[in-house]
Amino acid sequence: MTPNAVRVRFAPSPTGPLHMGGVRTALYNYLFAKKHGGTFILRIEDTDQNRFVPGAEEYIVEALKWCGIEPDESPENPGAYGPYRQSERKGLYAQYADLLVQKGWAYYAFDDEATIAAKRALAEENKTTFQYDASTRMEMRNSESLPKAESDALIAAGNWVIRFKIPAHREVVFTDAIRGEVKFNTAVLDDKVLMKGDGMPTYHLANIVDDHLMEITHVIRGEEWLPSAPLHVLLYEAFGWSAPTFAHLPLILKPTGNGKLSKRDGEKGGFPVFPLNWTDPSSGETWSSYQGAGYSPEAFLNMLLLLGWNPGTEKELYSLDEAVQDFSLERVVKSGARFNPEKAVWFNESHLRETDNAALVKQLLPLLESKGRSVSEEQALSMVLLLKERVQFLHQMTEATYLFEAPASYDEKTTKKKWKANTPEVMSALREVLASTSPFDAATIEHNFKAFLEEKELGFGAVLPGFRLLLTGEAGGPGMYEIAAFLGKEESLKRMDEGMKIAEAWV
Ligand code: GLU
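Be aware that the sequence shown starts at 2, since it is given in the numbering used here, and climbs by one per residue.
Below you can see the structure in the form of C-alpha cells.
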C-alpha cells in the first residue's frame, strides 16, 4: 500500500435501521474514497451491547448494496485490517486504555452510579451542571484522589472504569475539512469513560484505536459528532499518534420549521426516511422506504448528493460515476441542508427519463408480472414509450390499467362536457376509418385520423376527447395514436363499439 493512500470508514452502530442521513454519510465517504483512488471501509461499532438491535447490521449491509456503494473492506468482505466488527476486537482495547493510564492521560474511577446521580441532582438544584473534570476530580473516588494502596485494592477488586484526564483550561484547535479552524476550550469537556470494568471500551476509545489501526486518513461523519472531536484530538495527542483529517457533515433539516429531520417527520409528511423497509423487532412497528416507494437507487443517491454538497454549477442530475468525478469536501456546505420531499420525487422522475428504454423494460416486466400481467417485451417497450414522460415512478406504468382492459368507468366530467349531440355520429365515422387502417401502427393511424378531420372539417377538440374516452375511459393521457396501436385494431374497435352503447346514456 502506498503511504497516505486515502482510507475512509463508515462506522455505524447497529442500533436500528440506517436512515437517509446515515446513507448520505456513507455516500460522501464512498465518493471521497473513489475520487482519490482510496479505500472505503465499513466498520460496525457494536460495543454498546445495551443498544444492539438484531437485524440492524444486516439492514446496513443490504442498504449499501441496494445503493450500489459497497465497501471495499467490511465484516463480510474483510481486508488486512480486520476484524471489522468492534465486538470481535474486544481483546484489543484494554492495552490501549492501560497505555493511557501509564502515560498519565487516564485514571481508574470507582464512583458508583448513585453518587454521580446525587452530584447531578444537587448541581441541578443549584441551576448548574455536574461535570466530572479537573474541577471535581479530586472530590470523587478515583486513582487520582485516593491513596495508592486503597486505589490499587479497588482496581484489583475489579469494580472500576477508566476515565480520560481532560487537561484543564486548554484550547483544542483543529482544522475541519468542511468548517475550517474549529476551537474548543477543554472546560466544556468531561473526563469521558474510555473503558468499562467488563472490558468493553466505550465508543470514544474504540473509535480512535480502530481509526489508528485501520490507518484511516479522513473521518467524514455527521455534525452530531463535532462536540466529540476535541476529545478525539486529545486522545490522538495522548497516544502520540497523528490524527486523521476530520470533516463534519451538515445536519439534514426537516422540510419546514426548525430542527433535524427525524423518522417521525417522514411519517407526518408522508415521505420515506429509510432506504429499505424496516420492521422494528421489539415493537413490530414498520417503516416505509425509498425502495418501497419505488425510488431508483440512482435517484435516491442523487438526491442525497445534493443534500449538503453543491457542485458550484447548475448541474443537478448526477450518475454515481459523475458524482465521483466532481465530489470534493470543500464544496460540502457548513449550514444545515433542508430536505425537500418534492425534490426527491423530481430526482426520481428525472432519472427515469434519462434511463434507456431497454433498461426500463427489464425493470418493468417483473413489476407487471407481480401484478399478474404477462406482457411481451415488445409490449413492455411500447408501454415505456407511451408512459416514460408521464410518470414519476416506474410502478405507475403498471397502473395504466386501460392498456390491459376495457374501461370499467368513464371520466364523468368529460362525458358531460365533451360528449356532444353529434359525437356518436363522429365516432361511428371514425370507427370506419380505423377499421380500414392498415397497417395499424401509430403513424398510419395518425395519418388517417388527420385526413378524417380534414375531410369532415373537424378540429382535434371535437374528436380526440371522445375517442380517448371510448378507448381509455380517461380525460387525459399519452398520445391516442400510440394507445390505439398498442391495443391493436380488434381491441380498439371493440372498445369503441361497447363504449358507444354505454354512451347512449350520456346525451
Ligand atoms: N458509531 C458512530 C455512529 O454511530 C460513529 C461516529 C464516527 O463516525 O466517528 O455514528
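The beta carbon of each residue, even a glycine, is placed where N, CA and C say it ideally should be.
Model, not experiment: these values are computed from the prediction.
* **One or two residues paired with G223 in a DSSP bridge** => If you number the sequence shown from 1, residue 223 lands on position 222. DSSP, once it has assigned bridges, lists L250 as partnering G223.
* Asked: Who are the Cβ neighbours of F405 in its own chain at under 7 Å, not counting the five residues just before and after it?
  -> As a first step, residue 405 must be located in the sequence shown, where it is residue number 404. Here the set comprises R374.
* To do: For my contact list, S30 and F11 are in at a C-beta cut-off of 8 Å; report their separation, rounded to the angstrom.
  => Start at 1 with the first residue of the sequence shown, and residue 30 comes out as number 29. Start at 1 with the first residue of the sequence shown, and residue 11 comes out as number 10. Rather than Ser, the amino acid found at residue 30 in this sequence is Asn. At roughly 5 Å, the Cβ-Cβ gap stays under 8 Å, so N30 and F11 are in contact.
* Asked: From the DSSP output, which residues share a beta bridge with I117?
  -> Here residue 117 corresponds to residue number 116 of the sequence shown, with the count starting at 1. Answer is none; I117 lacks a bridge partner.
* **Presumed contact (8 Å Cβ cut-off) between N78 and P84, rounded CB distance** => For the purposes of this step, residue 78 is taken as the residue at position 77 of the sequence shown. For the purposes of this step, residue 84 is taken as the residue at position 83 of the sequence shown. That belief does not hold up - the Cβ atoms of N78 and P84 are roughly 12 Å apart, past 8 Å.
* Distance cut 7 Å, beta-carbon to the ligand GLU heavy atom: residue list by chain order -> A12, P13, S14, E46, Y204, N208, V220, R222, G223, W226
* Under the three-state reduction of DSSP, which class applies to W67: helix, strand or coil? -> As a working note, residue 67 is residue 66 in the sequence shown. Reduced to three states, the DSSP call for W67 is helix.
* In the DSSP assignment, what are the bridge partners of E136? -> Stepping through the sequence shown from its first residue, residue 136 is reached at position 135. Note on residue identity: the sequence assigns Ser, not Glu, to residue 136. According to DSSP, which records beta bridges pairwise, S136 is partnered with nothing at all.
* Between L305 and L28, which are expected to be in contact by the criterion C-beta below 8 Å, what is the C-beta distance as a whole number of angstroms? -> In the sequence shown, residue 305 corresponds to position 304, counting from 1. In the sequence shown, residue 28 corresponds to position 27, counting from 1. Rounded, the Cβ-Cβ distance is 5 Å, consistent with contact.
* Asked: Does the beta-carbon distance from Y133 to D49 come in below 8 Å?
  -> Here the question's residue 133 lines up with position 132 in the sequence shown. Here the question's residue 49 lines up with position 48 in the sequence shown. Taking 8 Å as the Cβ cut-off, Y133 and D49 do not qualify as a contacting pair.
* Per DSSP, what kind of secondary structure is M2 in: helix, strand or coil? -> Locating residue 2 in the sequence shown gives position 1, where the first residue counts as 1. Because M2 sits at a pLDDT of 45, beneath the cut-off of 50, its placement in the model cannot be relied upon, and the following sentence gives the value as read from the coordinates. Note: M2 maps to coil in three-state DSSP.
* Buried/exposed call for P13, threshold 16 Cβ in 10 Å -> Locating residue 13 in the sequence shown gives position 12, where the first residue counts as 1. So P13 ends up on the buried side.
* **the region 386–399 in contact with the region 349–363 per 3-pair CB rule at 8 Å** => yes
* Asked: Which residue or residues does DSSP assign as beta-bridge partners of T287?
  -> Looking up residue 287 in the sequence shown gives position 286. In the DSSP output, where bridge partners are listed per residue, T287 has T280.
* If you draw a straight line from the alpha carbon of H448 to that of T438, how long is it in whole angstroms? -> Looking up residue 448 in the sequence shown gives position 447. Looking up residue 438 in the sequence shown gives position 437. In a straight line, the C-alpha of H448 is about 10 Å away from that of T438.
* To do: Report all residues from its chain with a CB closer than 8 Å to the CB of E225; omit the five preceding and five following residues, and keep chain order.
  => Walking along the sequence shown from the start, residue 225 turns up at place 224. Counting only Cβ-Cβ distances below 8 Å, and skipping sequence neighbours, we find L252.
* Asked: Taking the Cβ atom as the reference point for each residue, do M215 and R8 lie within a distance shorter than 8 Å?
  -> To locate residue 215, count along the sequence shown from 1; it is residue 214. To locate residue 8, count along the sequence shown from 1; it is residue 7. Contact flag set, yes.
* So, are the CB atoms of L459 and M481 less than 8 Å apart? -> Reading the sequence shown from its first residue, position 458 is the one you call residue 459. Reading the sequence shown from its first residue, position 480 is the one you call residue 481. Not closer than 8 Å, so no.
* Return the chain-ordered ranges of every alpha helix (DSSP H) run that is complete within the region 424–498 and spans a minimum of 4 residues. => 424–436, 443–457, 461–473, 481–488
* **Length of the line joining the Cα atoms of F33 and D412** => In the sequence shown, residue 33 corresponds to position 32, counting from 1. In the sequence shown, residue 412 corresponds to position 411, counting from 1. So the alpha carbons of these two residues sit roughly 52 Å apart.
* Is it true that the CB of L277 sits closer than 8 Å to the CB of E299? -> Residue numbering aside, residue 299 sits at position 298 when the sequence shown is read from its first letter. Residue numbering aside, residue 277 sits at position 276 when the sequence shown is read from its first letter. Result no, Cβ atoms of E299 and L277 do not sit closer than 8 Å.
* If I'm right that F111 touches N160 with Cβ under 8 Å, what's the distance once you round it to whole angstroms? => Within the sequence shown, the letter at position 110 stands for residue 111. Within the sequence shown, the letter at position 159 stands for residue 160. About 6 Å; that satisfies the 8 Å criterion.
* Inspect the beta-carbon positions of G500 and L454 and report whether they are closer than 8 Å. => Taking the first residue of the sequence shown as position 1, residue 500 is located at position 499. Taking the first residue of the sequence shown as position 1, residue 454 is located at position 453. For G500 and L454, no; Cβs fall outside 8 Å.
* Using DSSP bridges, identify the partner residues of W310. => As a working note, residue 310 is residue 309 in the sequence shown. Answer is V333.
* List the whole-angstrom C-beta distance separating S152 from Y109, where the pair is believed to meet the contact cut-off of C-beta under 8 Å. => Walking along the sequence shown from the start, residue 152 turns up at place 151. Walking along the sequence shown from the start, residue 109 turns up at place 108. That belief holds up - the Cβ atoms of S152 and Y109 are roughly 7 Å apart, short of 8 Å.
* Contact check, L250 vs I221, beta carbons under 8 Å -> Taking the sequence shown and counting its residues from 1, one reaches residue 250 at position 249. Taking the sequence shown and counting its residues from 1, one reaches residue 221 at position 220. Taking 8 Å as the cut-off, the beta carbon of L250 is found closer than this to the beta carbon of I221.
* Short Cβ contact (8 Å threshold) for G309 with V334 -> The residue given as residue 309 occupies position 308 in the sequence shown. The residue given as residue 334 occupies position 333 in the sequence shown. In contact: G309 and V334 (Cβ atoms closer than 8 Å).
* Asked: For V162, which residues of its own chain have a beta-carbon under 7 Å away from its beta-carbon, when the five flanking residues on both sides are left out?
  -> Translated into the one-based positions of the sequence shown, residue 162 becomes position 161. Within its own chain, the residues whose Cβ lies closer than 7 Å to the Cβ of V162, once the five positions on either side in sequence are excluded, are A110, V194, M196, K197, G198, listed in chain order.
* Asked: From F247 to E182, what does the alpha carbon distance come to, in whole angstroms?
  -> Sequence index remark: in the sequence shown, residue 247 carries index 246 (1-based). Sequence index remark: in the sequence shown, residue 182 carries index 181 (1-based). Roughly 11 Å separates the two Cα atoms.
* Asked: Is the distance from the Cβ of L318 to the Cβ of N341 below 8 Å?
  -> The residue you call residue 318 lines up with position 317 of the sequence shown. The residue you call residue 341 lines up with position 340 of the sequence shown. No, these two residues do not count as a Cβ contact at 8 Å.
* Quick one: what's got a C-beta closer than 7 Å to F441's C-beta in the same chain, skipping five residues either side? -> On the sequence shown, position 440 is the one that residue 441 refers to. Cβ neighbours of F441 beyond the five flanking positions: A486, G489, K490.
* Asked: Rounded to whole angstroms, how far is the Cβ of R164 from the Cβ of T187, which I believe are closer than 8 Å?
  -> Residue mapping note: residue 164 aligns to position 163 of the sequence shown, counting from 1. Residue mapping note: residue 187 aligns to position 186 of the sequence shown, counting from 1. Not confirmed; about 14 Å, so no contact.
* How about V376 and L369: do their beta carbons lie closer than 8 Å? -> Taking the sequence shown and counting its residues from 1, the one referred to as residue 376 is at position 375. Taking the sequence shown and counting its residues from 1, the one referred to as residue 369 is at position 368. In contact: V376 and L369 (Cβ atoms closer than 8 Å).
* Asked: Quick one: what does DSSP say N411 is sitting in, helix, strand or coil?
  -> For the purposes of this step, residue 411 is taken as the residue at position 410 of the sequence shown. In the sequence under discussion, the amino acid at residue 411 is Tyr, which differs from the Asn named in the question. Y411 falls in the coil class under three-state DSSP.
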